[in-house]
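Numbering (UniProt numbering), first residue to last: 1 to 89.
A virtual CB, placed ideally from N, CA and C, is assigned to each residue, including glycine.
Source: prediction; values computed, not measured.
Heads up, the thing below is written out as structure tokens.
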């Protein structure tokens, strides 16, 4: 089953974050706690860790995009999971 990766709230007043850089690409194996991307807020750039182990199946937010907190930015799954077109549209 696919799991959503959301834009985390890295501070009390944070409402959006900008994806500075993806450290992993689609198809990469992820381990829980491993950094997968860098997010820039108005004050700092921080690494965001994977909340679970699996495969980075789909990145839906690109580098340089400003994303609201809690919006889906990627999906993690296993070998048999494939994101449906309507899920990632």
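The beta carbon of residue 21 lies closer than 7 Å to those of 37, 38 and 63 in the same chain, with the five residues before and after it left out. Its chain contains 22, 25, 26, 73 and 74 as the residues whose beta carbon lies nearer than 8 Å to that of residue 59, once the 5 sequence neighbours on both sides are disregarded; these appear in chain order. In the three-state scheme derived from DSSP, where H, G and I count as helix and E and B as strand, residue 8 is classed as coil.
Contact annotation: residue 19 and residue 71 have beta-carbon atoms that are not nearer than 8 Å. Around the C-beta of residue 43, fewer than 16 other C-beta atoms lie within 10 Å, and the residue is accordingly described as exposed. Comparing C-alpha distances from residue 51 to each of 11, 14 and 77 shows the shortest one belongs to 77.
With fewer than 16 neighbouring CB atoms inside 10 Å of its own CB, residue 12 falls in the exposed class.
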